[in-house]
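Chains A and B are the protein sequences, given in the same order. The first sequence: position 19 = 68 (this note's numbering), numbered continuously. The second sequence: position 331 = 524 (this note's numbering), numbered continuously. These notes concern the structure reproduced below.
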Amino acid sequence: MLVHVEPDDLAAAGHRMSGDGPRLRALAQLISGCGVAGRRACPGAPALGQALAALGERGSAAISTLAVANGHVGRGAG
Amino acid sequence: MSTRDSALAWPPGEVSEIDRIASQLALVATTVDQTVVAREGGQGWGLARSWSGPAFEAARSEAAVVASRSGELAGTVTPIVAGLQGYAAALTEARRRVTLLRQEWDWGARRHDEARHDAELAGSDPVAVALGAAAGQRLAARQEADRAWARLQEDLRGRHTAALGPLTAAAERATATVRGFLAALPGDDAVAVRGGLLAQLPLTAGALRLADARALIGDLVARAGRPVQEWGAPEADLIATLGDRVRDPFVAQALMEAIPPERLHRIVERLLTHIGSMSGMGQWSKTQFDRAFEVLGTAFVLMASPQHWAGLDEASAARMESWRRRWCTELAHSGSSVIGGPRNPPPFLGFTAQAVLLDHGRQAVPGVGPGMAFVATVGFAMIETDRRGDDYPPLPPLPESFSSPAAGIDVVASLLRSIRGEPDAASALLLARLGDGQPVVRYLAGERLVRGAGGPPPAAIDALAALLAETATGTDERSVMIAGAALDGFGAAAEPPERAGNGDAAAGALALHGQMQGLRFVMADLLARHPDAVWASLNDPINVLAWPMAEADGHPWAVLGADGWTLRLLNRSRLAAVLGELGKDRLHPGTAASGPPTAPALAHLLNALVAAQGVGLAQALASGNAQDQDAQIVQLGQVTGFVIEAARQSVLTIQAGADAEVAVRREFVDSIVAMVSLPASLKASLPATLTAPLLGLVKAAIKRIGYSDGSVDSAATADAQTAAARARLDDDLRHLGWDLVSAAGWWDVADDPVAWIEAHPGVSFCGEDGRPVPVEEMSAAQRERFHAWTRGVPAYTTVPSAIVEQIEEGARAVRTAIAGR
Chain A
50 MLVHVEPDDL AAAGHRMSGD GPRLRALAQL ISGCGVAGRR ACPGAPALGQ ALAALGERGS
110 AAISTLAVAN GHVGRGAG
Chain B
194 MSTRDSALAW PPGEVSEIDR IASQLALVAT TVDQTVVARE GGQGWGLARS WSGPAFEAAR
254 SEAAVVASRS GELAGTVTPI VAGLQGYAAA LTEARRRVTL LRQEWDWGAR RHDEARHDAE
314 LAGSDPVAVA LGAAAGQRLA ARQEADRAWA RLQEDLRGRH TAALGPLTAA AERATATVRG
374 FLAALPGDDA VAVRGGLLAQ LPLTAGALRL ADARALIGDL VARAGRPVQE WGAPEADLIA
434 TLGDRVRDPF VAQALMEAIP PERLHRIVER LLTHIGSMSG MGQWSKTQFD RAFEVLGTAF
494 VLMASPQHWA GLDEASAARM ESWRRRWCTE LAHSGSSVIG GPRNPPPFLG FTAQAVLLDH
554 GRQAVPGVGP GMAFVATVGF AMIETDRRGD DYPPLPPLPE SFSSPAAGID VVASLLRSIR
614 GEPDAASALL LARLGDGQPV VRYLAGERLV RGAGGPPPAA IDALAALLAE TATGTDERSV
674 MIAGAALDGF GAAAEPPERA GNGDAAAGAL ALHGQMQGLR FVMADLLARH PDAVWASLND
734 PINVLAWPMA EADGHPWAVL GADGWTLRLL NRSRLAAVLG ELGKDRLHPG TAASGPPTAP
794 ALAHLLNALV AAQGVGLAQA LASGNAQDQD AQIVQLGQVT GFVIEAARQS VLTIQAGADA
854 EVAVRREFVD SIVAMVSLPA SLKASLPATL TAPLLGLVKA AIKRIGYSDG SVDSAATADA
914 QTAAARARLD DDLRHLGWDL VSAAGWWDVA DDPVAWIEAH PGVSFCGEDG RPVPVEEMSA
974 AQRERFHAWT RGVPAYTTVP SAIVEQIEEG ARAVRTAIAG R
């Protein structure tokens, strides 16, 4: 039988996933650093350098957003 | 740069750095989709067995999106790792080959130098010198050395280009993989990517919006420089800076979280106190905090109105609703507490502050009212506190003086105004049972008016009348329950002052007159929608004194009749009390009526009653059933007589001056007569020849009862008026009764008028339908022959007299009911 439980009441049960958010935020920082380093590391391939810079910027935004989503959904799901 | 380095350029790049990037991206690729949410994707959650509903489904859907996007991210990063590793390897290989090429270049250069040196040596050979060939040999050898060197350089350049080819290709492959990753993202920059992802993740977007809203309010609180519990007038401008941002439900919630109910009440009280302390400084002082009140009121009303939380994902809405329920409970618990220190009455309660916010919120966001949960908890507590308290009626604000910030604020009025347009919430509130067992609507339409007797018309009345029009005019059980309770409370409140022999009756009626006015028409309308209730009460053989106690928790004033739900009044006394109040609609006590007709409430009810009775009478007359015909005549006469006499008695009670009485009464009666008219829809459904007689009959009866009571008039005036009135009425009633019988064809076959005309040659008094035309349309000759014919038809004698008799019977019932109170 299904029992309705308020989402807020489940917040405390979310610790099981509490480490995922910080890990993803670390990954976002990591990929951002890749973007910065990429342009410097590939002077012989400027197109690649530019692409890596964009990867760092946008990839970081994507992963940090997923980090928030993981944390939020995780808190709700326990 | 040397010629060699220029010719054999060194491939630039940081292989170790590229390797490090590749390894970091590899870590991203292998980790980003390994979170619990991404792995499970909302499936198999530990609490899924105990969590159900929209919020869970939304969260599971959100998790599925997170899993999908995480997987896509990992899938598009992995090729980049390989691409960068390939590029690093190609760079290493290119450098190795360039190194070798440069070595060859160096070797070739040395060889070239040696060849040139050998050429010089050959030029100094003694034999060649002797032969005169030395110069030629030297030149030839030198040229050969130079050509060989040039060939080698060309070869090395070509091989250098070839050596860099794989590197370029590797760079292009790596670039393509990165572009593949970028193409999979929902945007061309970081902001667009974030926005695009959040568009797919409404739950997360909601959480972020709430976080942003809390940050906004947190900044506001920080800027205030002192705790919220100390806020007052100095913070008004700061609060106002939120402006329209507070229309965002997340911002509204964050603001109400930061200012819990008790502190909110205190802030409102301080602002109003501040305004009061500046009462002599003109309009500016009264409106100086309007923008702050607008912000607070908007947040308050929005949080009370889940139906207006637009743009929320289901999970955010569920989370906000959960918070709201706790908030409403706090509002209800803290609402009855007195805010601020001792001061002049009335006390400023938490509910007073909430009423102020409801009013400002209603003006700021029109059409947004509190929802069911707010009304059921806070709204009910407001009414109950009003009933239990002794600070009603509220004192009107005194100009240029300030007694209490609560002066002039009617919490109930604000509450009722706020739920206009929300019939479900309003119905729930109106039917809620107060501590004494009566429904809220009965208290508001009755007891509360009595408590305010002698005071100005209560501010809540207009809102209550509008709510009744929205909630009590239907034919469903809920609507009828509300209508019945309202009429019962209204009638109960009106009964005591009408008691015969009560010396204070006129004073009591006068004290209540203004209180009742705002409800008179809507009460008439409610009763008009159930015309059967008038006859049922009038004809009730039991005529109980009180509702059965066993039904105290029910709604005995709503019953399921043969034609659906209808209402009941307690007894004839209560019916007479209600009718009496309707008769005083727009009456100005102490002055004769003038100008436009008064008593539209009573006319409205009479029209409905006549219409209902007319349908029954038409059916009975058409049926030819003598018993039905008699019953309908009795019903029509008694109902009409009861209504008019009840109204007349009430008006006479409230009019203290005997001199003005006759004129007042005549105007009153004439105004009712003038406003009695059948609705067009009913006219269409009744036989045309029946409509005019029926209406004329009622009008004549109204005039007769209204003019002829000599017990009240001075004798001379009454005699003259009643004699004239009776002479007219007798004639009118006789004609109208005749027309009624003619229209119904109420005679035996042997008395058929067409047959009689054939048997007695002469002018015909019948129309094309074979029935007599209306008396007023007859010529003298027709009327003479018509009278000759009617002498043999009993109905032409019995019907008019029966109607008159029953009208008087109805009037007597009123007098008996009032005397029995």
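Each residue gets a CB set at the ideal place from its N, CA and C atoms; glycine is no exception.
Exercise for the section: Please classify Asp778 of chain B: is it buried, with 16 or more other beta-carbons within 10 angstroms of its beta-carbon, or exposed? Expected result: buried
Problem - Leu394 of chain B to Arg512 of chain B span [Cα, whole Å] - result: 16 Å
Handout entry: 8 Å contact criterion, which Leu360 of chain B and Ala283 of chain B should meet: CB distance rounded
Key = The pair is a contact, with the Cβ atoms about 4 Å apart (cut-off 8 Å).
Handout entry: Other residues of its chain near His749 of chain B: CB distance less than 6 Å, five sequence neighbours each side excluded
Key = Residue 749 of chain B is actually Pro in this sequence, not His. Excluding residues within five positions, the ones whose Cβ falls inside 6 Å are Trp740.
Handout entry: Chain-ordered residues of the stretch 68-100 of chain A with a beta carbon less than 8 Å from chain B
Key = Under the 8 Å Cβ criterion, the stretch 68-100 of chain A contributes Asp69, Arg72, Leu73, Leu76, Leu79, Ile80, Gly82, Cys83, Ala86, Gly87, Arg89, Ala90, Cys91, Pro92, Gly93, Ala94, Ala96, Leu97 and Ala100.
Handout entry: Neighbourhood of Ala222 of chain B by C-beta, 7 Å cutoff - its chain only, sequence neighbours within 5 removed
Key = Ala267, Val270, Thr271 and Val274
Exercise for the section: Decide if His723 of chain B is buried, meaning its Cβ has at least 16 other Cβ atoms within 10 Å, or exposed. Expected result: Counting Cβ neighbours within 10 Å, His723 of chain B comes out buried, since at least 16 surround it.
Exercise for the section: Report the residue from B:Ile532, B:Glu507, B:Asp579 and B:Arg517 whose alpha carbon sits nearest the alpha carbon of Pro563 of chain B. Expected result: Distances from the CA of Pro563 of chain B to each of B:Ile532, B:Glu507, B:Asp579 and B:Arg517 were compared; the closest alpha carbon is that of B:Arg517.
Problem - Option nearest Met716 of chain B by Cα separation, candidates B:Asp932, B:Ala510, B:Asn732 and B:Gly677 - result: B:Gly677
Exercise for the section: Quick one: which residues of the stretch 608-637 of chain B get their C-beta closer than 7 Å to a C-beta of chain A? List them in chain order. Expected result: none
Problem - Stretch-stretch touch, CB-based, cutoff 8 Å, three pairs: the stretch 497-511 of chain B with the stretch 551-567 of chain B - result: yes
Practice task
Pick helix, strand or coil for Pro965 of chain B, following the three-state DSSP scheme.
Solution key: strand
Problem - Local Cβ density within 10 Å of Asn818 of chain B, reported as buried at 16 or more and exposed below that - result: exposed
Practice task
For the alpha helix (DSSP H) holding Ala219 of chain B, just list the boundary residues, first then last.
Solution key: Val208 to Thr224
Exercise for the section: Can you say whether Ser730 of chain B is buried or exposed, counting buried as having 16 or more other CB atoms within 10 angstroms of its CB? Expected result: buried
Problem - Through-space distance from Arg407 of chain B to Ala599 of chain B, alpha-carbon basis - result: 32 Å
Exercise for the section: Just the chain A side, please: which residues come within less than 7 Å of Pro272 of chain B by C-beta, in chain order? Expected result: The contacting residues do not exist; Pro272 of chain B stays about 12 Å from chain A at best.
Practice task
Take Arg440 of chain B and list the residues in its own chain whose beta-carbon comes closer than 8 Å to its own, dropping the five residues that flank it on each side.
Solution key: Thr491, Leu495 and Val558
Exercise for the section: Give me the Cα-Cα distance between Ile468 of chain B and Ser597 of chain B, rounded to the nearest whole angstrom. Expected result: 11 Å
Handout entry: Burial state of Pro872 of chain B (16 or more Cβ within 10 Å)
Key = Low confidence applies here, because Pro872 of chain B scores a pLDDT of 47, under 50, leaving its location unreliable and the question unanswered by this model.
Exercise for the section: For Phe573 of chain B, go through chain A and note every residue whose CB falls closer than 7 Å to its CB, in chain order. Expected result: Neighbours of Phe573 of chain B on chain A: none; closest Cβ ~23 Å, over 7 Å.
Problem - Glu487 of chain B, buried or exposed, once every other Cβ within 10 Å from all chains shown has been counted against 16 - result: buried
Problem - Interface partners of Ile214 of chain B on chain A, CB under 8 Å - result: Cys83, Ala86, Gly87, Ala90 and Leu101
Exercise for the section: Find out if the Cβ-Cβ distance for the pair Leu627 of chain B, Ala619 of chain B is shorter than 9 Å. Expected result: no
Practice task
Give the single residue among B:Ser195, B:Glu255, B:Arg232 and B:Tyr280 whose Cα lies nearest to the Cα of Gly93 of chain A.
Solution key: B:Tyr280
Handout entry: Where the beta strand (DSSP E) through Ala202 of chain B begins and ends
Key = Looking at the DSSP string, Ala202 of chain B is not in any beta strand (DSSP E), and its letter there is neither H nor E.
Problem - Host beta strand (DSSP E) of Trp520 of chain B (start-end) - result: Looking at the DSSP string, Trp520 of chain B is not in any beta strand (DSSP E); the run it does join, the alpha helix (DSSP H), is Glu507 to Gly528.
Problem - Within chain A, partners of Asp382 of chain B - CB distance below 9 Å - result: Ala103, Glu106, Arg107 and Ala110
Exercise for the section: Scan the stretch 386-442 of chain B and note each continuous alpha helix (DSSP H) run of 4 residues or more that stays entirely inside, going in chain order. Expected result: 395-417 and 429-433
Practice task
Count the other CB atoms, across all protein chains shown, that sit within 10 Å of the CB of Asn159 of chain B; report buried if there are 16 or more and exposed otherwise.
Solution key: Nothing about residue 159 of chain B can be read from this structure; chain B reaches only from 194 to 1014.
Problem - Beta carbon proximity, Ala231 of chain B to chain A, threshold 9 Å - result: With 9 Å as the cut-off, Ala231 of chain B counts as an interface residue toward chain A.
Practice task
Report yes or no: do three or more beta-carbon pairs, one from the stretch 387-403 of chain B and one from the stretch 282-299 of chain B, lie closer than 8 Å?
Solution key: Contact between the stretch 387-403 of chain B and the stretch 282-299 of chain B is absent: fewer than three C-beta pairs spanning the two stretches fall below 8 Å.
Handout entry: Ala751 of chain B - DSSP class collapsed to helix/strand/coil
Key = strand
Handout entry: One or two residues paired with Cys959 of chain B in a DSSP bridge
Key = B:Pro965
Exercise for the section: Could you name the residues of chain A that Leu391 of chain B contacts, counting a contact when the two beta carbons are closer than 8 Å? Expected result: The contacting residues are Thr114.
Problem - Identity of the residue in B:Gln547, B:Trp203, B:Ala367 and B:Gln346 nearest Arg456 of chain B by Cα - result: B:Gln547
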